[in-house]
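Numbering (UniProt numbering), first residue to last: 1 to 75.
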């Protein structure tokens, strides 16, 4: 599967920037991470780079939801 998370840095003119992160190593937030479960297992040798073209599209019905699609570049 593919695990997704984000980090946002908000600049400030009066103090240090504020960072919001959902990285697995950071303290938990209510945003959490997400995982995309792949339909088939792809064998990959250790150390081999893996590349995916991932697209997120905002849902028309619910602006807080996104539809994800991907294409692997292993072939």
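Built from N, CA and C at the ideal position, the CB exists for glycine as well.
If you check the CB distance, residue 46 and residue 4 do not come in under 8 Å.
For residue 68, DSSP records a beta bridge to 56. CA-to-CA, the gap between residue 51 and residue 13 works out to about 38 Å. Take the alpha-carbon of residue 7 and the one of residue 18: they are about 11 Å apart. Of all alpha-carbon atoms in 48, 36 and 72, the one lying nearest the alpha-carbon of residue 66 is that of 36.
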